[in-house]
Amino acid sequence: MRRITTKIGVLAAAALLAVTAAGPAQGEPANGAAHRTKAEAAYFVMTDITHEEFVIQLTDPAKIQHARDLVNGETTDRPHVVGRILKRQAPYNPRWSFHYNQDTIDFFDVAIEVCDASTPYVEDHLDEAGGAFLPGLFWCPWSSRLVREVPAP
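The working numbering puts the first residue of the sequence shown at 10, with every later residue one more than the last.
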């Protein structure tokens, strides 16, 4: 019975995370083409409770502007980073064996616990990510914050 309850809890949490990450329907094509224009990538350093640095790549103009507003202190809304990770190294983030899929990155105020983990913890348990740990590979470090913009590598 305990295993069934645990599985149901994990599935419910993953479903809630997927709905939260997807956001409200906007009446646009699935790829967001009606809203998005091709922009040059921008890179930001994020940190968490461990003070380890992790670089994210953004290409959506609205998200780039929000990130710049956070870094410049022009807003405190949705200060934390959420998105789906890819289990491979990115050239702009060589220290880590994973990175955010840039198309899934968003910002949040609060999120469910099942996607919270520090950057070093994700690195150390990357082989477990996608199951009970970080269901759907969604990662939302609650203590994440952007600290600066960096030039393209």
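Ideal Cβ positions, reconstructed from N, Cα and C, are used throughout, including at glycine.
Assign residue i to one of three DSSP states: helix, strand, or coil.
{"i": "Thr-128", "result": "helix"}
{"i": "Thr-113", "result": "helix"}
{"i": "Glu-158", "result": "strand"}
{"i": "Val-123", "result": "helix"}
{"i": "Glu-83", "result": "coil"}
{"i": "Gly-139", "result": "strand"}
Tell whether a beta-carbon distance below 8 Å holds between residue i and residue j.
{"i": "Val-54", "j": "Val-64", "result": "yes"}
{"i": "Trp-105", "j": "Glu-137", "result": "no"}
{"i": "Ile-121", "j": "Val-90", "result": "no"}
{"i": "Pro-88", "j": "Pro-162", "result": "no"}
{"i": "Ile-73", "j": "Leu-67", "result": "yes"}
{"i": "Glu-61", "j": "Pro-129", "result": "yes"}
{"i": "Ala-166", "j": "Glu-158", "result": "Because the chain spans 10 through 162 in this model, residue 166 falls outside it and cannot be assessed."}
{"i": "Asp-125", "j": "Pro-150", "result": "yes"}
{"i": "His-75", "j": "Phe-142", "result": "no"}
{"i": "Pro-103", "j": "Val-123", "result": "no"}
Who are the near neighbours of residue i in its chain, counting only those whose CB is closer than 6 Å to its CB and skipping five residues on each side?
{"i": "Gly-139", "result": "Leu-146"}
{"i": "Val-156", "result": "Val-54 and Thr-56"}
Excluding the five sequence neighbours on either side, which residues of its own chain have a C-beta within less than 8 Å of the C-beta of residue i, listed in chain order?
{"i": "Asn-110", "result": "Gly-92, Arg-93, Ile-94 and Leu-95"}
{"i": "Arg-97", "result": "Ser-106, Phe-107 and His-108"}
{"i": "Asp-118", "result": "Asp-86, Arg-87, Pro-88 and His-89"}
{"i": "Pro-160", "result": "Tyr-52"}
{"i": "Leu-135", "result": "Lys-96, Ser-106 and Phe-107"}
In terms of residues, what are the limits of the alpha helix (DSSP H) holding residue i?
{"i": "Pro-144", "result": "Per DSSP, Pro-144 belongs to no alpha helix (DSSP H); it is in the beta strand (DSSP E), 142-144."}
Can you tell me where the beta strand (DSSP E) holding residue i begins and where it ends?
{"i": "Leu-79", "result": "No beta strand (DSSP E) holds Leu-79; the alpha helix (DSSP H) holding it covers 70-80."}
{"i": "Arg-93", "result": "89-95"}
Give me, in chain order, the residues of the same chain whose beta-carbon lies closer than 7 Å to that of residue i; leave out the 5 immediate sequence neighbours on both sides.
{"i": "Ser-153", "result": "Met-55, Asp-57, His-89 and Val-90"}
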